[in-house]
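Encoded as structure tokens, the structure appears first; notes follow it.
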Amino acid sequence: MGVAVRSTKTESGPIHYRYFMNVGPQHPSTHGVLRLIIGLYGEYVLSIEPVIGYGHRMHEKMAQSRPWQAFLPNTARMDYACCLPHQHCYLSLIEQHTGIKVPPRAEYIRVIAVELNRIASHLLWLGAFLLDLGAFTPILYCFDDREEVLDILENLTGARITHCFFRIGGVLADIDDHSANRIREFMRRMRGRFSVYHKLVTENIIFIKRTRDIGIITPDMARRYGATGPVLRGSGIAYDVRKQQPYSAYRDFSFDVPTGSRGDCYDRYLVRVEEMQQSLCIIEQALERMPAGEIRAPVPRTIRLPAGQRSFSVEGARGEVTYYLVADGTDTPYRLKVRSPCYANLNLIQELGQGMLFADMIATLGSLDLVIPEIDR
Amino acid sequence: MKRYIIELVQGGASLLAGLGVTLRALVAQPVTVPYPRKKLPMQPGFRGHPMLVRNPATGAFTCIACGTCMQRCPSRCIDITAARTESGTKYPARFQLDFTRCSLCGICVEVCPVSGLAFSRSFAMPHRTREACKYDLVTRGEEGT
Amino acid sequence: MHHTDALIIALRTVFPSITVSPEAERGWHAAIALAAEQIPGAASLLFEHGLALSFITAVHVRPRCELVYHFVRWEDAFRIVLHLPVPENNTVPSIAEIYHGAAWHEREIGEFFGIVFSNHPGLKPLLLTREEKGLCPLLRSDSLLQSRENVLIW
Chain A
1 MGVAVRSTKT ESGPIHYRYF MNVGPQHPST HGVLRLIIGL YGEYVLSIEP
51 VIGYGHRMHE KMAQSRPWQA FLPNTARMDY ACCLPHQHCY LSLIEQHTGI
101 KVPPRAEYIR VIAVELNRIA SHLLWLGAFL LDLGAFTPIL YCFDDREEVL
151 DILENLTGAR ITHCFFRIGG VLADIDDHSA NRIREFMRRM RGRFSVYHKL
201 VTENIIFIKR TRDIGIITPD MARRYGATGP VLRGSGIAYD VRKQQPYSAY
251 RDFSFDVPTG SRGDCYDRYL VRVEEMQQSL CIIEQALERM PAGEIRAPVP
301 RTIRLPAGQR SFSVEGARGE VTYYLVADGT DTPYRLKVRS PCYANLNLIQ
351 ELGQGMLFAD MIATLGSLDL VIPEIDR
Chain B
1001 MKRYIIELVQ GGASLLAGLG VTLRALVAQP VTVPYPRKKL PMQPGFRGHP
1051 MLVRNPATGA FTCIACGTCM QRCPSRCIDI TAARTESGTK YPARFQLDFT
1101 RCSLCGICVE VCPVSGLAFS RSFAMPHRTR EACKYDLVTR GEEGT
Chain C
2001 MHHTDALIIA LRTVFPSITV SPEAERGWHA AIALAAEQIP GAASLLFEHG
2051 LALSFITAVH VRPRCELVYH FVRWEDAFRI VLHLPVPENN TVPSIAEIYH
2101 GAAWHEREIG EFFGIVFSNH PGLKPLLLTR EEKGLCPLLR SDSLLQSREN
2151 VLIW
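Residue numbers (the numbering used here), protein chains in the order written: chain A, 1 to 377; chain B, 1001 to 1145; chain C, 2001 to 2154.
The following block contains the structure:
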């Protein structure tokens, strides 16, 4: 790879035979409206410049122009594949800022919903990633499983994708015995499916050849760009907000934070598959130990946000989601900043993609698990 | 050379294992349904757009046209025209829901002081014009949809 | 948290005004208010101590915007916040040379708040289009503007 880059450099400096190619904004492999301006030498990528903002909706402006309750549906519309962590983060921030205590049962229901959402998101990623690599069948297996999760989530939250399920001081609906049994049934099914995925994907020689030692992210690079989530954990750093800074009910559950060793695409794949198993573990424990009681704390009709600033972080499916609030004592946030994990993860591709084969760049881009509306916000 | 052959054999075996999975799926029952002809049952917890609830005893809408939902709607998609009966109680003469803007968050249903709103079960609602997406829930409710 | 102590001691020698809250009541463990010219030095110090950049944002307050830098350490989720009032010439040194990920955050702040970052590798709009240059959507009108001490409390 290095050869191609070296041979293009002349003594006077400029790179000859470089041509530019546009990928996107509407291209299947960019998973949304992302445009990449790629400088190529033959099949080798010399430079990547992501162009974002096609789906920009200025959520932060919306947040500071309406009462804070009105922002609740917005939280579901940034990361459409895994929106419950965003909602969890926003509401936990408001609850902490106003001193509202959430009943333990509600926190358990939140955790179960978030983990189900994470599994759905990882399954979607898995299918889409393999589609990027040219394998068409696995996405059908993934969607078959994801369908089960979405059915459970639909029954619980009322929607299949943009769930608006959490409310200040609790959740909208309870998990009754029927729902709990359905989730248990799904867990049994899902645990049996991992062997199918291992046969179909993990051990597949073509998949290994396409992803092993491709797109290696070093911890140093991850730190300079602020990468989080499975992208960071694939590089061997066990940073998971659920573990390092336990919020909600995560302190009550025992689970592992899977990490990779090389930081390549294959490691990121392994981390996500293992994360799905860990999510199942968390859901199992949460169902077992679910405390009885209220699912919503009584809250005053009008809640004003006391003047001051605060931030709150949760672990989304793609990494650390942080909401930073500045309030001035009214019911409208003075400033609300959304830190989306994909923003940093995409930023990284500019350096990571240099010197790669074009097809490897697509594989690497897929392994970052990008959701573009979350970057554009 | 030896490594190459081992890799070749192992790789071939891995491909056969994958093909085995595919073959098993080939003879298994299909997991999809031919959509327009057969539809999957809706989840009981599904929440569609809001609709007006009737009082089972009198058959009249329980809505008192107080405007709380109108005020609290994040998308500002509800528009109520209130009227009064001869006895002086308020009722909605027109309850317009702009479905093009509704984000189905359910806040209107939740804030209603008299439980006058509920979630409908309809989900496939294509229309040819933008105007047709503005439902008057008073007449829509009477149609029973 | 012995690592924390080493970092805090190092920071305290440079920034005596550092406030530390081990419980992270507001979401971060330490906060520093610093001047614009100190930011590259502070960022290098944090980089040497192994912190990652979480995000940069700005808040429009009276008299001028304030930049807020969030850093996090992976080992124990130790979070530190830097507060930086933008000087009168509206220019702040960029930290994109130290934390490469900051380049995008600074571009975003540049287009949303009109703040200029010196030594930035390319300060063009990120999320908005070229035609929307100078729009600065997150700047507040005078009637809605709060003074710094009313909202940025820690």
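The beta-carbon is built from N, C-alpha and C at its ideal position, and this holds for glycine as well.
These figures come from a predicted structure and were not determined experimentally.
Rounded to the nearest whole angstrom, the CA to CA distance from residue 323 of chain A to residue 1026 of chain B is 47 Å. With its beta carbon at least 9 Å from every one in chain C, residue 356 of chain A lies outside the interface. Taking 9 Å as the cut-off between beta carbons, the residues of the region 1043-1056 of chain B near chain A are 1043, 1044, 1045, 1046, 1047 and 1048, in sequence order.
Around the beta carbon of residue 1006 of chain B, a 10 Å sphere encloses fewer than 16 other beta carbons of the protein chains shown; the residue is thus reported as exposed. For residue 221 of chain A, there is no enclosing beta strand (DSSP E); the residue is found in the alpha helix (DSSP H) stretching over 219-225. Under the DSSP assignment, residue 2118 of chain C falls in the beta strand (DSSP E) whose first and last residues are 2116-2118.
Counted as a single uninterrupted DSSP element, the alpha helix (DSSP H) harbouring residue 1020 of chain B occupies residues 1002-1027.
Against chain B, the beta carbon of residue 203 of chain A has neighbours under 9 Å at 1010, 1013, 1014, 1017 and 1018, listed in chain order. Non-local beta-carbon contacts of residue 163 of chain A in its own chain, meaning distances under 7 Å to residues more than five positions away in sequence, involve 76, 83, 84, 153 and 157 in chain order.
Short of 6 Å from the beta carbon of residue 281 of chain A, and not among the five residues preceding or following it, lie these beta carbons of its own chain, in chain order: 255. Nearest to residue 1017 of chain B by alpha-carbon distance, out of A:239, A:283, A:197 and A:226, is A:197. Inter-residue distance for residue 1059 of chain B and residue 124 of chain A is about 46 Å (C-alpha atoms, whole angstroms). Within chain A, no residue has its beta carbon less than 7 Å from that of residue 2019 of chain C; the closest one is some 13 Å off. For residue 2027 of chain C, at least one C-beta of chain A is nearer than 9 Å to its own C-beta. Ranking A:336, A:354 and A:95 by CA distance to the CA of residue 300 of chain A puts A:95 first.
The beta-carbon separation of residue 320 of chain A and residue 229 of chain A, rounded to 7 Å, stays under the 8 Å limit for a contact.
Beta bridge pairing from DSSP links residue 2110 of chain C with no other residue. One thing to note: residue 2099 of chain C has its Cβ within 9 Å of the Cβ of residue 226 of chain A. In this chain, residue 22 of chain A is not harboured by any alpha helix (DSSP H); it is covered by the beta strand (DSSP E) spanning 19-23. What residue 307 of chain A touches in chain C, judged by beta-carbon distance under 8 Å, is 2150, 2151 and 2153, going in chain order. Distance from the CA atom of residue 106 of chain A to the CA atom of residue 1029 of chain B, rounded to whole angstroms, is 39 Å.
Scanning chain B for C-beta atoms nearer than 9 Å to the C-beta of residue 155 of chain A yields 1043, 1044, 1045 and 1046, reported in chain order. In this structure, DSSP gives residue 149 of chain A a helical state, which the three-state scheme calls helix. 137: these are the residues of the region 114-138 of chain A whose beta carbon lies less than 7 Å from some beta carbon of chain B, given in chain order. Secondary structure of residue 366 of chain A (DSSP, three-state): helix.
The beta carbon of residue 2117 of chain C does not come within 9 Å of any beta carbon belonging to chain A, so the residue lies off that interface.
Using a Cβ distance threshold of 9 Å, residue 86 of chain A and residue 338 of chain A count as a contacting pair. The three-state reading of DSSP puts residue 356 of chain A in coil, since its state is none of H, G, I, E or B.
Per the Cβ contact rule, the region 34-50 of chain A is not in contact with the region 65-75 of chain A (fewer than 3 Cβ pairs under 8 Å).
Residue pairing from DSSP leaves residue 2045 of chain C without any beta-bridge partner.
Just so you know, the alpha carbons of residue 31 of chain A and residue 376 of chain A end up roughly 13 Å apart. The region 2019-2027 of chain C makes contact with the region 303-320 of chain A; the number of CB pairs closer than 8 Å reaches 3 or more. Closest in C-alpha terms to residue 2083 of chain C, from the list C:2048, C:2145, C:2151 and C:2007, comes C:2151. When beta bridges are read from the DSSP output, residue 1060 of chain B appears opposite no residue. Take the alpha-carbon of residue 23 of chain A and the one of residue 345 of chain A: they are about 18 Å apart. Secondary structure note for residue 47 of chain A: its beta strand (DSSP E) is the uninterrupted segment 44-51.
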